[in-house]
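Peer 1:
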Amino acid sequence: MKFLAEIDMEPMPQQPRASGLARVLEDERGPLLQFLVARCGSADDAQDLLQDLWIKVSAQPAGPVANPRAYLFRMANNLVLDRLRGRQRAMRRERNWLEAESGGVVMPPEDRTDPGEPADDALVRKQEAQILREAIDALPEGAGRALRLYRFEGMGQGEIAEVMGISRSGVEKHLALAMKRLRTALADCGCFDTATSTDRGADSGDRPHMEQGQ
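With the UniProt record's numbering, letter number 204 in the sequence shown gets 204, and the count goes up by one each step, no holes.
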């Protein structure tokens with residue numbers, strides 16, 4: 001697999017008294033790494049997960065294991081599933097937030113792949129999360145700062161106006177621009193209904209939801 005050529009085959013950290021399971025992990029490092037690359041599709045992620053596996057094994061009390069090799073592969077598979085679930089939850093939060101704030105509808109990525117080849121949902125979610133991160137990083141300075149204060153710091157528009165030294169209407173313009181750029185980024189990758197969001201944006205002036213009592 002092409003990913004394997006990218007992997008730095010560094011030795012696992014040495015422990016003064018490696019348990020029997022840790023010794024099996026050292027012996028099975030290559031096959032475990034291949035398994036992790038195949039499961040998560042990333043050489044970097046596979047290396048991270050292998051280190052996580054080593055930490056978990058090292059922290060376990062020494063004791064007999066009926067089939068240590070199978071046990072290690074089950075542990076590795078569980079680590080992959082845990083990471084994918086975490087990314088899916090994070091992506092759902094981002095999509096739900098974007099839908100609520102922009103007034104648009106984030107469409108499921110149903111046409112992303114060949115109909116005869118089912119999509120890998122975990123990889124799709126990972127791709128969409130990366131698209132959002134890149135779109136946020138590419139925002140103009142004012143829009144990016146306003147969005148981060150609003151979304152990640154939980155500030156209201158009035159608070160953001162004070163922090164940035166601008167009017168509240170200026171904050172609204174920054175947030176509206178941010179919403180538009182994020183919608184466009186998702187639309188370009190085929191996971192956002194641009195027609196629906198454009199219609200709603202025309203009705204609302206592409207502004208984020210107004211806050212009550214401000």
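C-beta: ideal position from N, C-alpha, C; glycine also.
Using 8 Å for Cβ pairs, my map puts L182 next to L149. What's the rounded Cβ distance?
Peer 2: The residue you call residue 182 lines up with position 182 of the sequence shown. The residue you call residue 149 lines up with position 149 of the sequence shown. The pair is not a contact, with the Cβ atoms about 16 Å apart (cut-off 8 Å).
Peer 1: Are the beta-carbon atoms belonging to A46 and L33 less than 9 Å from one another?
Peer 2: By one-based count along the sequence shown, residue 46 stands at place 46. By one-based count along the sequence shown, residue 33 stands at place 33. Going by C-beta atoms, A46 is nearer than 9 Å to L33.
Peer 1: Enumerate in chain order the residues of its own chain whose CB-to-CB distance from G71 is below 8 Å, with the five nearest sequence positions on each side excluded.
Peer 2: Numbered from its first residue, the sequence shown carries residue 71 at position 71. Checking the displayed sequence, the identity of residue 71 turns out to be Tyr instead of Gly. Same-chain partners within the cutoff: L21 and V65.
Peer 1: Do V80 and L25 have their CB atoms nearer than 9 Å?
Peer 2: Here residue 80 corresponds to residue number 80 of the sequence shown, with the count starting at 1. Here residue 25 corresponds to residue number 25 of the sequence shown, with the count starting at 1. Going by C-beta atoms, V80 is not nearer than 9 Å to L25.
Peer 1: Within 10 angstroms of its Cβ, does Q157 collect 16 or more other Cβ (buried), or is it exposed?
Peer 2: Here the question's residue 157 lines up with position 157 in the sequence shown. Q157 comes out buried.
Peer 1: Mark P108 as exposed unless 16 or more other C-beta atoms lie within 10 angstroms of its C-beta, in which case mark it buried.
Peer 2: By one-based count along the sequence shown, residue 108 stands at place 108. Low per-residue confidence applies at P108: pLDDT is 41, beneath 50, and the placement is therefore not dependable, though the value from the model is reported in the following sentence. By the 10 Å Cβ count, P108 comes out exposed.
Peer 1: Under the three-state reduction of DSSP, which class applies to A129: helix, strand or coil?
Peer 2: Looking up residue 129 in the sequence shown gives position 129. Helix, per DSSP.
Peer 1: Grab the span of the alpha helix (DSSP H) containing M164 for me, first residue to last.
Peer 2: Your numbering for residue 164 matches position 164 in the sequence shown. Run containing M164: Q157 to M164, per the alpha helix (DSSP H) assignment.
Peer 1: Going by CA-CA distance only, name the one from Q127, R74 and L186 that's closest to G41.
Peer 2: In the sequence shown, residue 41 corresponds to position 41, counting from 1. Considering only alpha carbons, the answer is Q127.
Peer 1: In three-state terms, what does DSSP make of A138?
Peer 2: Position 138 of the sequence shown, counting from 1, holds the residue named residue 138. Three-state result, A138: coil.
Peer 1: Could you pull out every residue in the same chain whose Cβ sits closer than 8 Å to the Cβ of A143, ignoring the five residues on either side in sequence?
Peer 2: In the sequence shown, residue 143 corresponds to position 143, counting from 1. The beta carbon of A143 is closer than 8 Å to those of H174, L175, L177, A178 and R181 in its chain, skipping five residues each way along the sequence.
Peer 1: Which residues in the same chain have their Cβ closer than 8 Å to the Cβ of P68, if we skip the five residues on either side of it in sequence?
Peer 2: As a working note, residue 68 is residue 68 in the sequence shown. Taken in chain order, the residues that qualify are G20, L21 and V24.
Peer 1: For a test of the three-state rule: what should DSSP assign to A70, helix, strand or coil?
Peer 2: Taking the first residue of the sequence shown as position 1, residue 70 is located at position 70. Looking at A70 - three-state DSSP - the assignment turns out to be helix.
Peer 1: Mark A38 as exposed unless 16 or more other C-beta atoms lie within 10 angstroms of its C-beta, in which case mark it buried.
Peer 2: By one-based count along the sequence shown, residue 38 stands at place 38. A38 comes out exposed.
Peer 1: Given this structure, state the Cα-to-Cα distance separating D188 from V57, to the nearest angstrom.
Peer 2: Here residue 188 refers to the residue found at position 188 of the sequence shown. Here residue 57 refers to the residue found at position 57 of the sequence shown. Between D188 and V57, the C-alpha separation is close to 43 Å.
Peer 1: Report yes if the C-beta distance between L146 and I136 is below 9 Å; otherwise report no.
Peer 2: Position 146 of the sequence shown, counted from the first residue, corresponds to residue 146. Position 136 of the sequence shown, counted from the first residue, corresponds to residue 136. According to the sequence as given, residue 146 is Ala; it is not Leu. Not closer than 9 Å, so no.
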